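Have a look at the structure below, then the notes.
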Amino acid sequence: MKALNEMELTFESRSTNESFARSAVAAFIVQLDPTIGELNDIRTAVSEAVTNCIVHAYKDEIGIISVNVRIMPENSVIIRIRDKGCGIEDIQQAMEPLFTTAHGDERAGLGFAVMQSFTDKLTVRSKPGKGTTVTLKKTLSRRLSDG
Amino acid sequence: MLKSNYSLEEGVLTVRLSGEIDHHSARTVREETDTLIQQKRPHELRLDFSSVTFMDSSGIGLIMGRYRIMGLFGGYLRVVNVPEGLEKLMILSGLGALKVIERQGEARESA
Ligand SMILES: Nc1ncnc2c1ncn2[C@@H]1O[C@H](COP(=O)(O)OP(=O)(O)OP(=O)(O)O)[C@@H](O)[C@H]1O
Ligand SMILES: [Mg+2]
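Going down the list, the protein sequences come from chains A and B. In this text, residue positions in the first sequence follow this note's numbering: the first is 1399, and each later residue adds one. In this text, residue positions in the second sequence follow this note's numbering: the first is 2, and each later residue adds one.
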């Protein structure tokens, strides 16, 4: 399906960019007239995915993160967050609630669970040594104002 | 941006947070709070979330870590004035089971 509008961001895996990334995505999505709740869901899910790139994918290095957002027909949005970091050995295990490989860091192991429940669809593709791509899809409620 | 304000009164250390809690911003608050816990040994740590406008799972990690530390020192934790917008995440995290979360306006007066 063809996107109605699209944007892409690339930035370094510095933790100050966590708030930049979620705010930029939210600002782009405002054109769909989301509810405050929907916008907050998207900000939270993006924050989880981007933080994972910074904390896990590029653990001891600075790498490049790219975030691509597509506005699709039927009021839905597809967000793809990609890194070229360490990758994930066992995706299924990584996605289990409370699973974390960063015990000393006060990570709750909830990032994927949050992405899953705050969006409609979560897809994770990863190759050890190559990187990880997380895709989030969310359909927004249609509101009365048909802008 | 996350700002924090600390006050200690009758053994209760209150940390008022305002702004957005993420992996980046949680770090300073965590370090400052833990230093104060170790120095002042409060019997209660009260995290006031009334002005928190955003939080992701890093906030859950922040709460769970402080819960553990207060337990180690024989004290307890209360997370008060949690705004409606953060409830979904709090519920998902299972933090409800720890009985430390109080919603906005749910003033449970301490004795
Ligand atoms: N982009 C990534 N690159 C490499 N490993 C990842 C990536 N994203 C997640 N992981 C792995 O999956 C695990 C689970 O991720 P998840 O976000 O659910 O929890 P967490 O990041 O450990 O904790 P939290 O998100 O609650 O702070 C991580 O501990 C890490 O091992
Ligand atoms: Mg995570």
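From the three backbone atoms N, C-alpha and C, an ideal C-beta is built for every residue, glycine too. As the structure is a computational prediction, the values presented were derived from the model and not from experiment.
Distance cutoff 8 Å, beta carbons only. Does residue 58/B sit that close to anything in chain A?
Indexing the second sequence from 1 puts residue 58/B at position 57. Interface residue, yes.
For residue 1341/A, which of helix, strand or coil comes out of DSSP?
No answer is possible for residue 1341/A: it lies beyond the span of chain A, which begins at 1399 and ends at 1545.
Any residues whose CB sits closer than 5 Å to a heavy atom of ligand 2? List them in chain order?
Ordered along the chain, the selected set is 1450/A, 1509/A.
Is residue 44/B close to ligand 1? I mean its beta-carbon at under 7 Å from any heavy atom of the ligand.
Here residue 44/B corresponds to residue number 43 of the second sequence, with the count starting at 1. No, the Cβ of residue 44/B stays beyond 7 Å of every heavy atom of ligand 1.
Contacts around residue 94/B, its chain only, beta-carbon distance under 7 Å, and the 5 residues preceding and following it disregarded
Numbered from 1 along the second sequence, position 93 holds the residue referred to as residue 94/B. If we look at residue 94/B and ignore the five residues flanking it on each side, its Cβ neighbours are 61.
At what residues does the alpha helix (DSSP H) containing residue 1417/A begin and finish?
In the first sequence, counting from the first residue as 1, residue 1417/A sits at position 19. First-last of the alpha helix (DSSP H) with residue 1417/A: 1415-1427.
Near-chain B residues of the stretch 1499-1516 of chain A (beta-carbon distance less than 7 Å), N- to C-terminal order:
1504, 1505, 1506, 1508, 1509, 1511, 1512, 1515
Start-to-end residues for the alpha helix (DSSP H) that takes in residue 36/B:
As a first step, residue 36/B is located in the second sequence; it is residue number 35 there, counting from the start. Note, residue 36/B: alpha helix (DSSP H), 24-41.
What first and last residue would you give for the beta strand (DSSP E) that runs through residue 1525/A?
Residue numbering aside, residue 1525/A sits at position 127 when the first sequence is read from its first letter. Start and end: 1519-1525.
For residue 70/B, decide whether its Cβ has a neighbour in chain A, counting only Cβ atoms nearer than 8 Å.
Here residue 70/B refers to the residue found at position 69 when the second sequence is read from its first residue. No, because no Cβ of chain A sits closer than 8 Å to the Cβ of residue 70/B.
Is the beta carbon of residue 25/B within less than 7 Å of some heavy atom of ligand 1?
Walking along the second sequence from the start, residue 25/B turns up at place 24. No, since every heavy atom of ligand 1 falls outside the 7 Å radius drawn around the Cβ of residue 25/B.
Kindly say whether residue 1453/A, judged by its beta-carbon, lies nearer than 8 Å to any beta-carbon of chain B.
Locating residue 1453/A in the first sequence gives position 55, where the first residue counts as 1. With 8 Å as the cut-off, residue 1453/A counts as an interface residue toward chain B.
Going by C-alpha to C-alpha distance, which of 1427/A, 1457/A, 1490/A, 1486/A sits closest to residue 1406/A?
Residue numbering aside, residue 1406/A sits at position 8 when the first sequence is read from its first letter. Here the closest residue by C-alpha is 1427/A.
Could you check whether the Cβ of residue 1486/A sits closer than 7 Å to any heavy atom belonging to ligand 1?
Counted from its first residue, the first sequence places residue 1486/A at position 88. Yes; taking the cut-off as 7 Å, the Cβ of residue 1486/A has a heavy atom of ligand 1 nearer than that.
Which residues, in order along the stretch 19-43 of chain B, keep a beta-carbon less than 9 Å from a beta-carbon of chain A?
21, 23, 24, 25, 26, 27, 28, 31
Neighbour list for residue 1417/A in chain B, Cβ cutoff strictly below 9 Å:
Here residue 1417/A corresponds to residue number 19 of the first sequence, with the count starting at 1. Residues of chain B passing the Cβ test: 2, 21, 23, 25, 26, 55.
Could you check where the beta strand (DSSP E) with residue 57/B kicks off and where it finishes?
Reading the second sequence from its first residue, position 56 is the one you call residue 57/B. It is not in any beta strand (DSSP E) - residue 57/B carries neither H nor E in the DSSP assignment.
Cβ separation of residue 49/B and residue 18/B, assumed to be a contact under 8 Å, to the nearest whole Å
Locating residue 49/B in the second sequence gives position 48, where the first residue counts as 1. Locating residue 18/B in the second sequence gives position 17, where the first residue counts as 1. Between residue 18/B and residue 49/B the Cβ distance is about 7 Å, and since that is below 8 Å, they are a contact.
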